Structure formats: structure tokens, C-alpha cells
Amino acid sequence: MNLNIFFIYKKKSFIHQMKIFFFFFSFLFFSNHEIWSRPTVYVFPPTYIGEDSEKIKFIEETLRNEIHRFYDLAHNPSYENIVVDFMKEKSGEILDQFFYGECKEDCLLSQRILLQKLLMKSLYSLTVTDSRNVTKIVLLRVLKDKAEARTEYCESCTQDDLQESIRFLVNQLEGPGEIVEEEKVKDEGTTNLRARFYFGGASSSAVSSTLSGLQLFWGNLGLGYGKWRFKYKDTSYSMDLESNLIDFLYRYELPTENSSSDFGGDSYDLTLGLGIVTSGIGTLKRDDVKYSGSSVSGYQISSFFTQQRGLWEAFLGLSFQGKYYYDLRSSESGLIHDRRVNWVNFLIGLGIYY
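Going by our numbering, the sequence shown opens with residue 1027, and the numbers climb by one from there.
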């Protein structure tokens, strides 16, 4: 008699679900993953010199929107703390050079150090000066090897004129031809490698289950190996199931710009995985008769939320197991048994990337 306390799926339903999962993960794996990740840059709050202090909010919103067309923007309190602490250490002369668009040798050297601390592509600073009927707008971009400034003047500047001037300056520094070329070089030379180890389980009065594994990533795509074990025991019989799985993984880097929360990490990602059973063994003991076999099929669906700090990663996850063990035989009986088991495991893990 089959064990009825577990969820049981009919064979046709199982095949239909597997087709859906296969189509979904194939789309993720073979679609162009460049759209999921862009370089991250840091935009300083703009400097406004003039009498209309209410302009500053509009100026900052316009600047961030224009730069966001090209890059992801760092928007995490942990970055803000790094910048504030760094700027406190610098002299007033260096700060004046940076915020007024005249970043010379000492200024450039200090901003390079800040870029290394933030692990970002570039920094931006905008200064708007109202003087009589003329508005001066200076946009500074600092890269690892150079600093560039662009200046625009606007007479009797309206809000629309100011918005257009900021857009013009950003386009001067970040032309579409330049950004496409830089992205090609970056994609070819800076693909991250990741290695993650996880462990977890779930249990009740009669059931215990464990799952452990290793994941390796090249960029956003990964492969994993997992080992699952499941035990059940009551007064009538006991069951011991094991299986090995290969996971196909995809990680999506969460945009920090739109995040309303800060968990203290440098960045975050969501990883989805589909696992296929490659081998296993099942043992069933009933009425002092032991049935065993190595015929098993099934799948694993997993998801992980990961936080990065420096070179280290920590993550939490869930894994749903669907397994079918069949052709369980015994030399002491002519009966043949099978078992279907669905189960959820809670997971924690650590990783490193470079």
C-alpha cells in the first residue's frame, strides 16, 4: 500500500509540469543576458549655488534619470557611509576641485581610490550656479584613468531649459556609440566566477530530510550538484531514500537603485534552479522484509536570495523535491513496491566570487 500522507501527482501531470519548467529555464538560459546587468556608477548629490533652493530636488532627479539611461545607480546606505567617511579625510581644496568641475591631479588620485572602494565604473558630480540671468551647469565624470568635465550656459533658464541642458551634458559624456563599445569590452573581460556551498533540511515527528550541494557560476549561468536524503519511520514500516541531482541555475542581480531597504550588503541577487535526478537508491522495510532498488526519477526546483559583501556571499533558500522511487524488490517476497514523495527543504549557504 502506498504512503498517502505525501502529495501524490499523476504521471501525466508530472510530465506537463516538467515541460513548463523546461521551457521557462530554457528561455532564461538562452536569452541575451546582457539586459540583466549593467555597470553601476555613483552620482553625488548636485551642488546648487543661487537663491532658488527649491531647484535642487528637480536638478537631482533629472541628473539621476539621465545617467540611469546608461547605467545602474548605486542607491544603498552602505555606499553613502563609505563616501561620507572618505570625503571627511580629504582637504577642502580637493573637495572644491571635485564639486566645481576642476578635478586636477590630487583630486583625480583621491577619486580613483574612492572608485576602488566602491567597486564602480565612475563617479558623477553636477554643479549649477545661478548668476543674474545666466545659469552655469558643470558636469564632472571621474573614471579610473581620467576626469572629464562638460559645461553649458543657459540664459533666463526655465525648468525645461535646465532639464535639456543636463540631458545635453550627459549625452556629451555618455554617447550611445561609446557606451556600446565599452560594454562589449567589459562583457568579454570581467565575467565573475562564483562558488557556493549550501546545506539544509526539514523534519517532523516521523520524517527527516537533508539536502547539501555545490554550485559553480560563470557570470549569471551556473551548474550545481546536490545530494538529498529522506527518512520516514512509524510503527508499521520505515523508508530511507537518497538521490543525486544536477542543477541548472540562473542568477538575476537585483537593482539596488529601486531598493527601499538596506540589509548591509554591497549587492543582492535572486537565483533560480531546476534540478534533474541522475541517480539514487531507495529502501523500504515492512513486516521485517526489506525492499530496495536504484530506479528513481524526479526533479528539484530551488530559489535563493543572496547578499554579497566584498568577496563573500551569504544566502537563504527553499528547495522543492519531487521524486519517484520504483521497482523496489526483496529476495524474501515477490511483491514490488514504489513510492512518490514531495518535500520542501529550507537552505542556508556561503559562497565566494572573484
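By construction, the Cβ of each residue, glycine as well, lies at the ideal position given by its N, Cα and C atoms.
Every value quoted in this text rests on a predicted model; they were computed, and no experiment measured them.
Check: Grouping DSSP H, G and I as helix and E and B as strand, with all else coil, what is C1183?; Outcome: coil
Check: Going by Cα to Cα distance, which pick from I1082, Q1189, S1148 is closest to L1099?; Outcome: S1148
Check: Give the DSSP bridge partners of H1363, in chain order.; Outcome: L1354
Check: Going by the DSSP bridge assignment, what does G1299 pair with across the sheet?; Outcome: L1275, S1328
Check: Within the same chain, show all residues whose beta-carbon is closer than 8 Å to that of P1020, passing over the 5 residues directly before and after it, in chain order.; Outcome: Here the chain comprises residues numbered 1027 to 1380, so residue 1020 is not present and cannot be evaluated.
Check: Quick check on the DSSP output: what are the complete beta strand (DSSP E) runs of length 3 or more inside the segment 1215 to 1273, in order along the chain?; Outcome: 1219 to 1229, 1233 to 1244, 1247 to 1259
Check: What did DSSP end up calling N1371 once you bin it into helix, strand or coil?; Outcome: strand
Check: Would you report the Cα separation of S1293 and S1230, rounded to the nearest angstrom?; Outcome: 35 Å
Check: Report the rounded CA-to-CA distance for L1199 versus T1304, giving the unit in angstroms.; Outcome: 53 Å
Check: So for S1148, helix, strand or coil by DSSP?; Outcome: coil
Check: Look at L1267 and Y1351 and say whether their C-beta atoms are less than 9 Å apart.; Outcome: yes
Check: Closer than 8 Å is the cut-off here; do at least three beta carbon pairs connect the segment 1334 to 1350 with the segment 1365 to 1373?; Outcome: yes
Check: Could you give the C-beta distance for R1222 and N1246, rounded to a whole number, given that I count them as a contact under 8 Å?; Outcome: The Cβ separation is near 14 Å, so there is no contact.
Check: Under the DSSP definition of a beta bridge, which residues are partnered with Q1347?; Outcome: Q1326, W1369
Check: Taking only the alpha-carbon atoms, compute the straight-line gap between S1234 and S1264 and give it to the nearest angstrom.; Outcome: 12 Å
Check: Cα separation between D1353 and V1367?; Outcome: 15 Å
Check: Spell out the partners DSSP gives G1306 in its beta bridges.; Outcome: S1269
Check: Tell me which residue opens and which closes the beta strand (DSSP E) that R1158 is part of.; Outcome: Taken as a continuous stretch (DSSP letters only), R1158 belongs to no beta strand (DSSP E), as it is neither H nor E.
Check: Should V1069 go down as buried or exposed, given a rule of 16 or more other Cβ atoms within 10 Å for buried?; Outcome: buried
Check: From this set, S1323, V1168, Q1347, K1259, which residue's C-alpha is nearest R1312's C-alpha?; Outcome: K1259
Check: Grab me the residues of W1369's own chain with a C-beta within less than 6 Å of its C-beta, minus the 5 sequence neighbours each way, in chain order.; Outcome: S1235, Q1347
Check: Answer with buried or exposed for D1273, where buried requires no fewer than 16 other C-beta atoms within 10 angstroms of its C-beta.; Outcome: buried
Check: Taking the C-alpha atoms as reference points, what is the distance between S1079 and L1134?; Outcome: 29 Å
Check: Tell me which residue opens and which closes the beta strand (DSSP E) that K1316 is part of.; Outcome: 1315 to 1319
Check: Under 7 Å Cβ to Cβ from L1337, same chain only, skipping five residues before and after it: list those, please.; Outcome: I1378, Y1379, Y1380
Check: Who are the Cβ neighbours of L1193 in its own chain at under 8 Å, not counting the five residues just before and after it?; Outcome: Note that residue 1193 is Arg in the sequence shown, not Leu. Excluding sequence neighbours, R1193 sits near T1088, E1092.
Check: Tell me which residues share the same chain as Y1298 and place their Cβ nearer than 6 Å to its Cβ, disregarding the 5 neighbours each side in the sequence.; Outcome: Here residue 1298 is Leu; the residue named in the question, Tyr, does not match the sequence. Correct list, in chain order: Y1276, S1329.
Check: Can you grab the Cα-Cα spacing for the pair G1239 / N1197, in whole Å?; Outcome: 47 Å
Check: Would you grab the beta carbon distance between L1271 and G1301 for me? Rounded to a whole angstrom, and I think it's under 8 Å.; Outcome: 4 Å
Check: Got a sec, what are the start and stop residues for the alpha helix (DSSP H) L1089 sits in?; Outcome: 1081 to 1094
Check: Since I believe R1365 is in contact with G1308 (beta carbons under 8 Å), could you give me their beta-carbon distance rounded to a whole number of angstroms?; Outcome: 7 Å
Check: On the three-state DSSP scale, how would you describe F1341?; Outcome: strand
Check: Find out if the Cβ-Cβ distance for the pair T1177, L1195 is shorter than 9 Å.; Outcome: yes
Check: Do you know how far the Cα of Y1097 is from the Cα of S1182?; Outcome: 31 Å
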